[in-house]
Amino acid sequence: MKKFRKVLDGLSSSSPGGVASPSCGSAAGTPTAHAPTPQDIHVQETLVSENFQICKTVRHGFPYQPTCLAFDPVQKILAIGSRTGGIRILGRPGVDCYSQHESGAAVLQLQFLINEGALVTACADDTLHLWNLRQRRPAILHSLKFNRERITFCHLPFQSKWLYVGTERGNTHIVNIESFVLSGYVIMWNKAIELATKAHPGPVVHLSDSPKDEGKLLIGFESGTVVQWDLRAKKVDFRIYYDEAIHSVSWHHEGKQFMCSHSDGSLTMWNLRNTARPIQITYPHGKILKDGRKESCKPILKVEYKTSRNSSEPYVIFSGGLSYDKSGGRRPTLTIMHGKAITVLEMDHPIVEFLVLCDTPYSNEVQDPYAVVVLLEKDFIVVDLTQSNFPIFENPYPMDIHESPVTCTAYFAECPPDIIPILYSIGAKQKKTGYSHKEWPVSGGTWTLGSQTYPEIIVTGHADGTVKFWDASAITLQMLYKLKTSKVFEKPKAGEGRAGELVEEDPYAVQMVSWCPHSRLFCVVGISAHVILYRFSKHDANTQIVSLEVRLQFDSEDVISPSEAENNPCFSDPSSHSPQPPGSPGSGTQDSLPCLKVKSRPVRMPPGYQAEMVVQLQWVDGEPPQQITSLDINSAYGLLAFGNCNGLTVVDFLQKTILMCMGTLDLYGAADPYQRLTRSPRKNRQSTSDFCMRGLSHFYSDSKKRIRTSYQSLTELSDNQVSMDMERSKSPTSDHVNGHCTSPTSQPCSVGKPRITGVPEGPRLTRRGPGRPPFRKAQSAACMEISLPVSSHTEESRENSFSRSRSSSVSSIDRDTKESVTTLQFGESYGRKGDALPTACLWVGTSLGVVLLLPISIPTEEEERMEEPITMGPSGTVLMLKGSVLRFAFLDCGGALIQSPYEVWRDPNGPEDPDRPRRRKLINFSPSSSQEACGDGHLAVVCSEKQAKVILMPTQAVLFTHNITESSFLLRADVVSVCNSVCLACFCANGHIMTLSLPSLRPLMDINYLPLTDLRIARTFVFTNGGQALYLSSPTEIQRLTYSQEMTDNLQDMLGELFTPIETPEAQNKGFLKGFFGGNAQTFDREELFGEAAAGKASRSLAQHIPGPMGLENMKAAAGGVVGDLARARIALDQRGERLGELEERTALMMNSAETFSTHAHQVMLKHKDKKWYQL
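Residues 550 to 1725 (our numbering) make up the sequence shown, in order.
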């Protein structure tokens, strides 16, 4: 591989020549002659562009906005269609496939070709599609676009290649599945109804062939008309008229009667012997009132009429039909009527569709239903019909990701192998009980564990404060453990303190998480400006939660008199920045309080993650605390750091003390790289109740609510007329930049000292926060404008309306921009240029692209660590970049990634051993111990929204610089390991995914993956090791993808097989009398009726055939996968054996014939051997 070497002019001179540093191979602290210089850096890079390729792997979660449902009773696989054109096909756990129609049109109906490995979809753009399921990635074989009529209903009889298609005009067309062309046979609506009928019967809402005779087609029209059409005679057998609209029809398996559901909540039963009137009319949920009238009921949208061998009473299952008086306070229901027993199952969400699963695919046999699949708007359940209490099956799919809306995600690959079993064993105790004991009925397909599997965990934070851990190994997803952060706090009571004033619907919403899988230390940041620290334990405990309150409300806009403006510095005395306790001078009775109240009593905590400490930001001067924008925790140092738009806080969680609380300005000291400009004073303050925090719940519930983002996502300003129009509908104090308050009408923040009382209100001179100087163009995320139409009717349209605008006017002195702490990273580094030895450091990145370094002095002995104070302080600016700083990472001089130090996990509640006192075991990855052949020192990778830089420590010389984007900005950047090397992976706001080599920052991949970025994706996109990434593709689904060519090549082996060769069950043999009197009168040849020879060709203008990449005749040959190959080989072997058997039988017959011929010939020879020739 080519070696990369780059030296920037003039930078080598900045490196101090005689500074001593430890040698690579020696013990820590041994000095050497020189520190490494840029000329000494030689890194053998192995990654090339051929190592990268973008590919979607699998989608987890509940299908967003589902529309329809289908089930293959032989293959036992299930398909769900969605409003966005997606199809989810589910089988046994591990068999989970997602496909998407390119048009994006809603899927109206699904029809399996039962046991054929194919699926027909009918979409809202009046197009039929035939999908091949005999491959791991389904593909479209044919499409048929209807031009003049709209599709309303489809029906495909079992073992038939002719699909019946009903339209909005009331006509019924017939499509050949093999060629996907229309037949010339058409059932026109005016021929189906009586000539005397003047009204149009309406769209076709039902099609089904009679179980008794396949040559009879039952057609249901919306108006209430039902017609049985004789396909052979091309005429109507009978017509049924009913006053109420029909929603569905279901046959009895004998074909002598059927049931209809109607819009008035009634069920009607019809017998073919007398079609003049129904033999039965029932209102299952309607009662007769005192005046004799029936209660008005809601429509019964679907009914299923199924018979059972074990009972003479049939099952009647339907959705809807509740009376309007009762339905106001009741949830959607599914009703199961079995004999005189009526069971009403209440659902949490509206019912989209349901299916009754039966043992047989034949409609003319006893159905024997065993389960009901119910598709809800936001859930998916299966009811066990074989038990009297109708329990539900435990769902093996992760359909509850959206149980509470997802607000943040984290992805951890290559975790310690023992963490997943431990979390699973703890989480197993949290599972609900009362499920059916039978196996999950959707058990089709095959899936095997791939060869390239390693422990992966996905962590999701939710709006209700819960955190879920998921096992994501081997492209599956399974719930491991659930943590409820709200249990740490007291439930807020109305009118009690600050909690009573919050308009926050979800005060516990999780904003970000930080997890160390090695030390099992877990940290959660909430929307109410709180940080919770958890430790993992296998034992339960009664714990007193330590609560710390921090006053972090610093701003350069301190109120000063005009005379003081010329002399006062831009920052105040650091001594005034310590947290002020409640009731301190200058703080009112309403201030110095947190948003939530931590439980003061000891709390019993079950095994798992147990809260140890809570840090909360206080209200100051009637202002709520600003949201936390950055977080990092280090178990080896025992330190926790977080920051927001006002400053930085460092907490020693071993000693339970606040170590540092400084404003952003104070981190610079005297070396402030920015000019601090004055600006006009603010307007009067708004009331506190008008400026309570808007929570992350505004991402997902009411369409009229404001949507906010975190600093990593996006920021909201108004630079054009579109956003100005939106501002009129917003609260005057609801502007946020990077998740921080920047409203010009909100109250200015203090600089950490009490506000002067008694100063007369008049002209005030305020200092502006660290904004951009006039000569520097604004390039941070705070300059981005997002227009979100608050009048939108759906969540999806809200989140997808995403406009971007950059303007240099943002750097105007009238623009209110704060400098926030956007990223933090603990690690072993060199605090100053002259340092010879690496020490613990905290790297700080700000929204103005400034990188600061804070060296930390930590006692080495464990006893001293628990008692002696830790000292730390800023050492000045290290680097400046364009845009907000997003990510830090450290490499040794050989290009290997340096991990952060950590403490080996030990159970805090484990039994004590008196002979072996418990001591902390630390694993330290210092730069001096991570390399052998190079000089001491390390490389620091810094990535911002606009560019990336690699610097050499301790000289702080910039080795490589790469401008990633000019017109857009990065939303996410991570340094990840791919193919035994490391690279920088970036996700840009314009939808591009890029990778850069390290340390040379050479572009390796740049692919436009997402054509339109929305807020949800920006908030949840994350990279991880092994070339994988994920994001929330919809409010209910997680999309995983890979950017590794190696994983893309191996993906086929990791996916499950949807189709498994299974013999179609044989139809039941009927007795002679039953077959003679009640069976089919004659065999029905559809080809003879619908083929081109008999019916002719359909009009070309009626529908357009769009061929797919392969025809149905090649479908079986194109089936992929080892299972399919083995099955075909087995079938071919069986066929070969049969042919060999037939050949053997024919050979035996020939031998018998030959022997017979030989015997006759010998007898003739004996008869004539003594005769002369003339005697013959």
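Built from N, CA and C at the ideal position, the CB exists for glycine as well. None of these values were measured; they are calculated from a predicted model.
Straight-line Cα distance separating residue j from residue i
i	j	result
Ser-857	Gly-773	29 angstroms
Ser-1707	Asp-1719	20 angstroms
Ser-1549	Arg-1521	20 angstroms
Lys-1498	Leu-1545	11 angstroms
Gln-1159	Phe-1085	6 angstroms
Met-808	Gln-777	14 angstroms
Arg-1153	Val-1095	14 angstroms
Gln-1617	Ser-648	36 angstroms
Gly-1575	Gln-1176	32 angstroms
Phe-1570	Tyr-1592	14 angstroms
Lys-1040	Val-865	46 angstroms
Glu-1413	Gln-1204	11 angstroms
Leu-1403	Leu-1428	13 angstroms
Thr-633	Ala-619	17 angstroms
Expected contact under 8 angstroms - CB spacing of residue i and residue j to nearest Å
i	j	result
Pro-1004	His-1088	The Cβ separation is near 24 angstroms, so there is no contact.
Leu-934	Tyr-911	So it is not a contact: roughly 19 angstroms between Cβ atoms.
Leu-657	Ala-667	At roughly 18 angstroms, the Cβ-Cβ gap does not stay under 8 angstroms, so Leu-657 and Ala-667 are not in contact.
Gln-1102	Glu-1172	7 angstroms
Ser-1449	Gly-1376	5 angstroms
Pro-833	Thr-892	Pro-833 to Thr-892, Cβ: 11 angstroms. No contact.
Chain-order list of residues whose beta-carbon lies under 6 angstroms from that of residue i (same chain, five-residue window excluded)
i	result
Gly-1010	Thr-956, Cys-957, Val-1016, Val-1059, Val-1062
Phe-1572	Asp-1523, Val-1525, Ala-1534, Ala-1578
Phe-1120	Caution is warranted here: a pLDDT of 34 is assigned to Phe-1120, below 50, making its placement in the model unreliable, and the coordinate value is therefore given only provisionally. Cβ within range, chain order: Leu-1214, Asp-1215.
Gly-804	Ser-759, Pro-760, Lys-761
Phe-828	Checking the sequence, you will find Ile at residue 828 rather than Phe. Taken in chain order, the residues that qualify are Met-818, Asn-820.
Ile-1007	Tyr-960, Trp-1019, Ala-1021
Glu-1452	Ser-1068, Ser-1184, Ala-1185, Arg-1469, Leu-1471
Chain-order list of residues whose beta-carbon lies under 8 angstroms from that of residue i (same chain, five-residue window excluded)
i	result
Cys-1072	Val-1062, Ser-1063, Trp-1064, Val-1080, Ile-1081, Leu-1082, Tyr-1083, Leu-1180, Ile-1182, Leu-1189
Ser-732	Trp-711, His-722, Ile-723, Val-724, Asn-725, Phe-1639, Gly-1640, Glu-1641, Ala-1644, Ala-1647
Trp-680	Ile-636, Ser-648, Ala-667, Leu-668, Val-669, Thr-670, Pro-687, Ala-688, Ile-689, Leu-690
Ser-652	Gly-634, Cys-672, Asp-674, Thr-676
Exposure label - residue i; buried when at least 16 CB within 10 Å
i	result
Gly-888	exposed
Gly-1075	buried
Gln-1093	exposed
Thr-1371	buried
Asn-1287	Any reading at Asn-1287 must be qualified, since the residue scores a pLDDT of 34, below 50, and its modelled position is unreliable; no value is offered.
Val-724	buried
Pro-1418	exposed
Ala-1078	buried
Thr-721	buried
His-609	buried
Val-644	buried
Thr-882	buried
Ser-868	buried
Leu-1435	buried
Lys-980	exposed
Neighbourhood of residue i by C-beta, 7 angstroms cutoff - its chain only, sequence neighbours within 5 removed
i	result
Gly-719	Trp-738, His-749, Pro-750, Gly-751, Pro-752, Val-753, Phe-770
Asp-1384	Pro-1503
Arg-641	Ser-992, Gly-993, Gly-994, Trp-996
Tyr-734	Ile-723, Leu-1638, Phe-1639, Ala-1644
Residue(s) in a DSSP beta bridge with residue i
i	result
Asp-1555	Met-1543
Phe-1085	Tyr-1158
Arg-1589	Val-607, Leu-1579
Arg-1521	Phe-1536
Asn-1421	The amino acid at residue 1421 is misidentified as Asn; the sequence shows Met. In DSSP, Met-1421 forms a bridge with Ile-1405.
Ser-1096	Val-1163
Glu-1410	Answer is none; Glu-1410 lacks a bridge partner.
Residue i Cβ short of 6 angstroms to the ligand FMN heavy atom set
i	result
Ile-950	For the structure depicted, the ligand FMN is absent and the ligand set is empty, with no information on it obtainable.
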